Amino acid sequence: MCRLKSSSAKRPKQEYQIIVAFHVRVLAAVQGAWSETAWLMLREKGLYEVDLWESVPRMEKILQECIATLTQDQEPEVFISRSRCSLCHWYNHCYTIAKADQHLSLLPGVTPTRYTQLQALNLTTVEALATIQPAKLEPLPGFGGETARKLVRQAQAVLQNCALPGESNAELPARSQTNGSRSSSNNGKHFQPQTIPTAEVELYFDIEAEPSLNLIYLHGVLVVDRAQQTEVFHSLLAEKPEDESKIWQELLDLMWAYPNAPIFHFCPYEVQTMGRLAELYETPIARIQPLLPRFIDLHDRITKSVTLPVESYALKHIARWLGFDWRDSTANGAQSIYWYAQWLATGDRGFLNSILVYNEDDCRATYHIKDWLVDFLQETIEHPQAL
Ligand code: SF4
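What follows is the structure, given as structure tokens:
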């Protein structure tokens, strides 16, 4: 039995099932008999029986490919797959090669399956992908019209190193990095992006969570008062796990203290967590429901409005391209979880301070992206003739 993190899908990831099949094979070699059943123990969903008739042949094929690769003198072509490579010891080595080669795997949306299709068409460079007609990619397996257009648009943004209006607004010209200068002339057409409100007071919200404890230990809220020209960061921190309920009530109080302020966040997690905590702590519907329309997911807005020359549409990649720097450049969500565990184990407040700095910078990065996006979209609407 293998004990692994659960995925959100109904079936566990193929990688997990392949690992189980490999363990079965190793046991068969040692014991001289194949197991009839094998199980995955998923952290949140319990036991899952792996179909060995399906997974063993797949594992054998991968194993043979691996052995063939290892017996060759020439190393295989790198393919940076964020979910797999980020945990690999070879990541820095492979990423350096991929970066030097401007490898297509660094483009968001280029999956291994799609890359195989692109290779068959001899489209292995950013330049080649940027100049292909999307219609030529559309019929390929794993593409379709929207993906084909987005991939070509993504390659164009990287090639020009500039932000391009979303693929549905492809007739509009490019605009360069943070200074807003334009890189080509406009043909006079207008587009109607989703509007993003700018209010006198705005909230920027980011959560820190410990998934293995199903615990929210920090609600970070940056209150930006444009009229007063103040920016105040509120860190609602559960110094003890039992304080989760207390900081939930403090968060609601803070959000109600600014009843008209839009609440900006990045990705759906914050809204999903609001719903979960409201249920968990039996929060009256009248206290939670009016807050929800105020939430604005900037990840959703930016991916629908703009194509950026970034390797990922994660908060860090976008904010860094826009010139924002985290005070601790190595900090990330996993590090924050480690710091919280260390705080609980040692009582050293230095760990808490590191969490707060990291979380505040996430809120400030969201604020930075929001202001840039508003400027990008509004200038495009208001001054199309100047583009
Ligand atoms: S980082 Fe690891 S998984 Fe990714 S291409 Fe390199 S060796 Fe393979």
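For the sequence shown, our numbering begins at 22 and goes up steadily by one. Even for Gly, the Cβ is constructed at its ideal location relative to N, Cα and C. Keep in mind that this is a model prediction, so the values were computed, not measured.
Taking buried to mean at least 16 other C-beta atoms within 10 Å of its own C-beta, is residue 175 buried or exposed?
Looking at its Cβ environment, which holds 16 or more other Cβ atoms inside 10 Å, residue 175 is buried.
Using the rule of at least 16 other Cβ atoms within 10 Å of the residue's Cβ for burial, across every protein chain shown, is residue 127 buried or exposed?
Residue 127 is buried by the Cβ-count criterion.
Under 7 Å from any heavy atom of ligand 1, does the C-beta of residue 111 make it?
yes
For ligand 1, any of its heavy atoms closer than 7 Å to the Cβ of residue 40?
no
Minimum C-alpha distance to residue 130 - residue among 87, 147, 311, 301
147
Taking residue 180 and residue 169 to be in contact with their CB atoms under 8 Å, please state how far apart those CB atoms are, rounded to whole angstroms.
With a Cβ gap of about 17 Å, residue 180 and residue 169 do not count as contacting.
Please return the same chain residues whose Cβ sits closer than 6 Å to the Cβ of residue 150, not counting the five positions on each side in sequence.
144, 176
Would you decide whether residue 261 is buried or exposed? Buried here means 16 or more other CB atoms lie within 10 Å of its CB.
If you draw a 10 Å sphere on the C-beta of residue 261, you find fewer than 16 other C-beta atoms in it, and that means exposed.
Please give the ranges of any alpha helix (DSSP H) in the region 26–57, keeping only runs that are unbroken, at least 4 residues long and fully inside the region.
35–52
Counting only runs of 4+ residues fully inside the region 200–288, write out the alpha helix (DSSP H) ranges in chain order.
265–278
For ligand 1, I want to know if residue 87 counts as a neighbour, meaning its beta carbon is within less than 7 Å of at least one of the ligand's heavy atoms.
no
Helix, strand or coil: which one does DSSP assign to residue 70?
strand
Taking the C-alpha atoms as reference points, what is the distance between residue 173 and residue 343?
22 Å
Could you tell me if the beta carbon of residue 103 falls within a distance shorter than 7 Å of some heavy atom in ligand 1?
no
Check whether residue 394 and residue 323 have beta carbons under 8 Å apart:
yes
Who pairs with residue 186 in a beta bridge, going by DSSP?
327
Give the secondary structure of residue 342 by DSSP, where H, G and I count as helix, E and B as strand, and everything else as coil.
Residue 342: helix per DSSP, three-state reduction.
Counting only the same chain and skipping the five closest in sequence on each side, list residues whose C-beta sits under 6 Å from that of residue 222.
246, 279, 282
Output the distance between the C-alpha atoms of residue 382 and residue 294, rounded to the nearest integer angstrom.
20 Å
For residue 101, the three-state DSSP class (helix, strand or coil)
Of the three classes helix, strand and coil, the one that applies to residue 101 here is coil, per DSSP.
Does the pairing of the region 30–47 with the region 79–92 give three or more beta-carbon distances under 8 Å?
yes
Given a cut-off of 8 Å, decide if residue 380 and residue 166 are closer than it, judged by their beta-carbon atoms.
no
Which two residues bound the contiguous alpha helix (DSSP H) that contains residue 164?
No alpha helix (DSSP H) holds residue 164; DSSP gives it neither H nor E.
Is residue 99 close to ligand 1? I mean its beta-carbon at under 7 Å from any heavy atom of the ligand.
Yes, the Cβ of residue 99 comes within 7 Å of a heavy atom of ligand 1.
Residue 396 bridges to which residues according to DSSP?
BP columns for residue 396 are empty, so no partner.
Consider the C-beta atom of residue 115 and the heavy atoms of ligand 1; say whether any pair is separated by less than 7 Å.
yes
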